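Asker: Counted the way mature numbering (1 follows the signal peptide of the UniProt record, and there is no 0) counts, the sequence shown spans residues -18 to -1, 1 to 82. Glycine included, every Cβ here is placed at the ideal spot set by N, Cα and C. These numbers were taken from a predicted model, which means no experiment stands behind them. Have a look at this one before I ask anything.
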Amino acid sequence: MDFFYKFIFLTVTSGLSCWGFQQLTERDRVKLEKFLAMSVQCSGAHAASVALVRNTTVLYRNGYGHGSPPIDKNTTFCIGGLTKLFTAGLVSQLIDAHNS
């Protein structure tokens, strides 16, 4: 579980370091690719998909890992149990709106 929190922290801080750029530089892209590929491998995950978006502009997207068919930037994944997080977030917003 400790690795999960480190992964999230580093992913978020990587994204924030790119916040001021309209596009990623090639150097940033290479560093990000190495970091994400290593993170997926070290976590034991079979695959992951990553996207950095600023406003409506996609700064970066790629798929990592292995599968059949091969994982790439266009691979889609089932979100499974993550819908609970979306539902909880929406319910929280409704409660906040009602209490204001």
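Can you name, in chain order, every residue of its own chain whose Cβ lies under 8 Å from the Cβ of His28, other than the five neighbours on each side?
Answerer: Gly47, His48, Gly49
Asker: For the beta strand (DSSP E) that contains Asn44, what are its first and last residues?
Answerer: 39 to 47
Asker: Going along the chain, which residues of its own chain have a beta-carbon closer than 6 Å to the beta-carbon of Arg43, five neighbours each way excluded?
Answerer: Ala33, Lys55, listed in sequence order.
Asker: Under a Cβ-count criterion, where at least 16 other Cβ atoms within 10 Å of its own Cβ denotes burial, should Val73 be classed as buried or exposed?
Answerer: Val73 should be labelled exposed.
Asker: Taking the DSSP output, what are the residues bridged to Ser31?
Answerer: In DSSP, Ser31 forms a bridge with Gly45.
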